[in-house]
Amino acid sequence: MSALTCSDPVCTAMLETVIPTIGVILTTAIFLSPFKQVYDALKSDSPASAPYAWMVATSMAMTMYGVFLRDPFVFAPNIAGFHLGLWYTFSTFPTATPAVRKQAMTVIIGASLLVYLGALISFTILKGRDPAKIILGSIAVAIVVAFYGSPLTNAVQVVQKRDASTIDPILAISTLLNTCLWTVYGFVIADPFVWGPNALGVVLAVMQIVLLAIFGRGNKGKIVNTDANADATPQVVSVA
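Counting from 1, position 145 in the sequence shown corresponds to residue 1550 in this note's numbering; the numbering is continuous, with no gaps.
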């Protein structure tokens, strides 16, 4: 697959610098979006459980892949996402439900083993850049796809309850814009491991916005958890 290019210098600057720079800013902003909620919950000892472990896992995988590519646009925001995800996870761990704590440990430990095993194979065993890229990229995409299974489950619950209160409209819209930018950048660098998961993110973000338009937020935007697993349902986030 050839890279997305254009002959005009301004167009080239837009594709290669401006678009990924905006993507970095938006990705970092999305990673920072739970900060206040977690901080307030930490002060009041109230539950603020969410799938922050998935932020750790996806950021870890994309950081490793971005470092392999030597692409700061890919690894820089994910380094921030990795450390913020760790802080969110450990801050909310004491008040999380047993199901969420178990999920967090499983996700972080499993993703760590997978990513570092892939790095070991890629950097010490495999010869050549292409096989290593396939290994690391495939691991990153596999973790992202596993994460994306939860928004699909959430969509089913929204349709069943006819209430989209668990979907944050601002986050859904910003995620749509962000994944669109990263999809374009993935085509610019001709990397399916970048544009592929983000294209899927675009589809899921559009799905969330459509659900919001159809069902609205029945409880005025307040998320109500009715069981131990309800707070383990994430929204889509960008992966680059």
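Quick reminder that beta carbons are idealized off the backbone N, C-alpha and C, glycines included.
Owing to the predicted nature of the structure, the values given are computational and were not obtained by experimental measurement.
Query: Closest by C-alpha distance to arginine 1506, when choosing among Ala1481, Ile1548, Ser1543, Tyr1457; Result: Tyr1457
Query: Whether serine 1517 touches alanine 1446 by CB criterion (9 Å); Result: no
Query: Beta-carbon spacing of alanine 1481, valine 1423 below 9 Å; Result: no
Query: Presumed contact (8 Å Cβ cut-off) between tyrosine 1470 and leucine 1541, rounded CB distance; Result: 5 Å
Query: C-alpha gap between arginine 1534 and isoleucine 1526, whole angstroms; Result: 12 Å
Query: Cutoff 7 Å; reference valine 1520; Cβ partners in own chain excluding five residues on either side; Result: Met1465, Ala1466, Met1469, Ile1544
Query: Alpha-carbon to alpha-carbon, cysteine 1416 and alanine 1547; Result: 33 Å
Query: Backbone CA spacing between valine 1599 and lysine 1441 [nearest angstrom]; Result: 29 Å
Query: Closest residue to serine 1579 among Leu1420, Ile1427, Glu1421, Thr1410 (Cα-Cα distance); Result: Ile1427
Query: Inter-stretch contact at 8 Å, needing at least 3 Cβ pairs: the region 1487-1495 / the region 1547-1560; Result: no
Query: CB of glutamine 1565 within 9 Å of CB of threonine 1571, strictly; Result: no
Query: Length at least 4, wholly inside the region 1547-1615: the alpha helix (DSSP H) runs in chain order; Result: 1574-1593
Query: For cysteine 1411, the first and last residue of its enclosing alpha helix (DSSP H); Result: Run containing cysteine 1411: none; DSSP gives neither H nor E here.
Query: Burial state of methionine 1460, where buried means 16 or more other Cβ atoms lie within 10 Å; Result: buried
Query: Leucine 1420 (DSSP reduced to helix, strand or coil); Result: helix
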